[in-house]
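Numbering-wise, the sequence shown is residues 4 to 194 according to my numbering.
Beta carbons: idealized from backbone N, C-alpha and C, even for Gly.
Keep in mind that this is a model prediction, so the values were computed, not measured.
These notes concern the structure reproduced below.
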Amino acid sequence: MARRSVKRLADTFLQVSIGQILDVIRASGSGIVPIGTAVDEARLAAWVEHDENHILFEMAVGWGNVEQRIELSETPCHFGGKRNWFLCPCCERRCGVLYIGKHVACRICHDLMYECQFEAPRDRTLRRLKKIRRLIGAGMELGGPLNPPPKGMSLRRWRALIEDYNRLREAYYIESRFPRKWKNDAPRGRR
Ligand SMILES: [Zn+2]
């Protein structure tokens, strides 16, 4: 049941932000970028070469050499100017931070999670809803039927879970209707 209990936290993963890359591109086009995690100072370094709308990213890490071509993209800003992004080499999603494992990829592709207080409220609610469905042995579809108490679960606990579920589901729909802006994937260090 605890399939996901060892979810890795994004903050403890080696990472590079689009701001760091832009600094190098603007300074010289290619160069060294210090690499660390969000909670640890940078102890490693990557070599970055800029070429038109992509970079080549090279880095020696404990598990071997990482070499990756990463496409860059930009979107216009509300008040003029533009915002720069990476395109995740794995899913092509626009993102401001990429994580470095065996490959360089976005948070979703690496299956990384933010610490709870940093998780978008809607994502957190969804995760809790799915957890309850898993506990009572129901299918993962939110609108799907809920089970009677599974073997070994008291009726009281089951009722409490169903009550939680209904409350969270209500909250989830409200969050979905009025999604809040969430800034964690926004580029850091942009000027
Ligand atoms: Zn991705």
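Length of the line joining the Cα atoms of residue i and residue j
i	j	result
residue 49	residue 109	17 Å
residue 180	residue 125	10 Å
residue 12	residue 116	5 Å
residue 131	residue 16	24 Å
residue 103	residue 143	30 Å
residue 151	residue 123	31 Å
residue 164	residue 135	7 Å
residue 167	residue 160	11 Å
residue 27	residue 21	10 Å
Cβ-based burial, residue i [other Cβ within 10 Å; buried from 16]
i	result
residue 99	buried
residue 176	exposed
residue 113	buried
residue 158	exposed
residue 128	buried
residue 31	exposed
Residue i - DSSP class collapsed to helix/strand/coil
i	result
residue 75	strand
residue 22	helix
residue 138	helix
residue 14	helix
residue 86	strand
residue 30	helix
residue 68	strand
residue 41	coil
residue 47	strand
Residue-chain proximity (residue i, chain C), Cβ-Cβ < 8 Å
i	result
residue 140	Protein chain content of the structure displayed is limited to a single chain, and chain C is not contained in it.
Residues surrounding ligand 1 [beta-carbon distance to nearest heavy atom under 6 Å]:
91, 93, 94, 96, 108, 109, 111 and 112
* Quick one: which unbroken beta strand (DSSP E) runs of 3-plus residues sit fully inside the stretch 91 to 136? Chain order, please. => 100 to 103
- Task: List in chain order: all unbroken alpha helix (DSSP H) runs of 4+ residues lying wholly within the stretch 151 to 186.
- Result: 158 to 180
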